[in-house]
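In the working numbering, the protein residues as written are 638 to 822.
First up is the structure itself, then whatever we jot down about it.
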């Protein structure tokens, strides 16, 4: 298991530092160009599908934290049961013999980056991000507009208060004048 996917895991075990070019998800190991060719020629790993190391690194740390071994049987996951939506090692397969849709993981993941579904999902996510950005911008504009409206309303209230005070002052003055005319004491 390669500790640093930037460097070839096989070369690293031989105390040679070479940059990796590809990733084998079945071996969970980074490979340089030479080791990739060797990896493809060995009978045990010739059917493994590799992806460019840049694609593996783009998956992020959350994907690389997914456990590749069965915690029950301490064996490598190689299959996926679509009925139960779970990963299977070869020993787990015995419990899923009646499931008709058990598929090799390598078959499921082989062309995932170029599949139409993946591209559609990626485009949808881009659209969602764009829409969320627009919504955020509109919300910020609305908050700014609301603040301006609040200030305008507060000014109108203050103006109305002045007018009411002025009107009440006039009423008070005219009542005092009338009162002083009626009562001359």
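Every residue gets a Cβ at the ideal spot worked out from N, C-alpha and C, and that includes glycine.
Alpha-carbon to alpha-carbon, residue 762 and residue 710: Pairing residue 710 with residue 762, the inter-Cα distance amounts to about 37 Å.
Less than 8 Å between the C-beta atoms of residue 716 and residue 730, yes or no? Yes; because the gap between Cβ atoms is below 8 Å, this pair is in contact.
Would DSSP call residue 757 helix, strand or coil? For residue 757, the secondary structure class from DSSP, reduced to helix, strand or coil, is helix.
Return the chain-ordered list of same chain residues with a C-beta closer than 7 Å to the C-beta of residue 657, the five sequence neighbours on each side being excluded. The beta carbon of residue 657 is closer than 7 Å to those of 642, 643, 644, 645, 667, 668, 669, 690 in its chain, skipping five residues each way along the sequence.
Measuring only the C-alpha atoms, how far is residue 775 from residue 765? Between residue 775 and residue 765, the C-alpha separation is close to 15 Å.
Best match in 651, 743, 719 for proximity to residue 733 [C-alpha to C-alpha]: The shortest Cα separation from residue 733 among 651, 743, 719 belongs to 719.
Can you grab the Cα-Cα spacing for the pair residue 676 / residue 682, in whole Å? About 6 Å.
If I measure Cβ to Cβ from residue 740 and keep anything under 6 Å in the same chain, skipping five residues before and after, which residues do I get? Once the five neighbours on either side are set aside, the close Cβ partners of residue 740 are 717.
Classify residue 725 as buried or exposed, calling it buried when 16 or more other Cβ atoms lie within 10 Å of its own Cβ. Residue 725 sits buried, since 16 or more C-beta atoms from the chains shown fall within 10 Å of its C-beta.
Separation of residue 777 from residue 784, as counted between CA atoms: Taking the straight line joining both Cα atoms gives about 11 Å.
Starting from residue 688, follow its DSSP beta bridges and name the residues at the other end. Per DSSP, 660.
Is residue 659 buried or exposed, if buried means 16 or more other CB atoms sit within 10 Å of its CB? In summary, residue 659 is buried, with 16 or more beta-carbon neighbours lying within 10 Å of its beta-carbon over all protein chains present.
Once DSSP output is grouped into helix, strand and coil, what is the label at residue 709? Reduced to three states, the DSSP call for residue 709 is coil.
Given a threshold of 16 other Cβ atoms within 10 Å of its Cβ, counted over all protein chains shown, does residue 702 qualify as buried or as exposed? Caution applies to residue 702, whose pLDDT of 48 falls short of 50 and renders its modelled position unreliable; the value that the coordinates give is listed next. A residue is called buried when at least 16 other Cβ atoms come within 10 angstroms of its Cβ; residue 702 does not meet this threshold and is exposed.
Is it right to say residue 699 is buried, meaning 16 or more other beta carbons lie within 10 angstroms of its own, or is it exposed? Annotation note: pLDDT 47 at residue 699 (below 50); position unreliable, coordinate value reported separately. Around the beta carbon of residue 699, fewer than 16 other beta carbons sit within 10 angstroms, so the residue counts as exposed.
Exposure label - residue 825; buried when at least 16 CB within 10 Å: Lying outside 638 to 822, the shown extent of the chain, residue 825 is not represented and no answer is given.
Between which two residues does the alpha helix (DSSP H) harbouring residue 650 extend? 646-650 is the span of the alpha helix (DSSP H), which, as asked, contains residue 650.
What number of angstroms, rounded off, separates the C-alpha of residue 821 from the C-alpha of residue 813? Whole-angstrom Cα-Cα distance: 12 Å.
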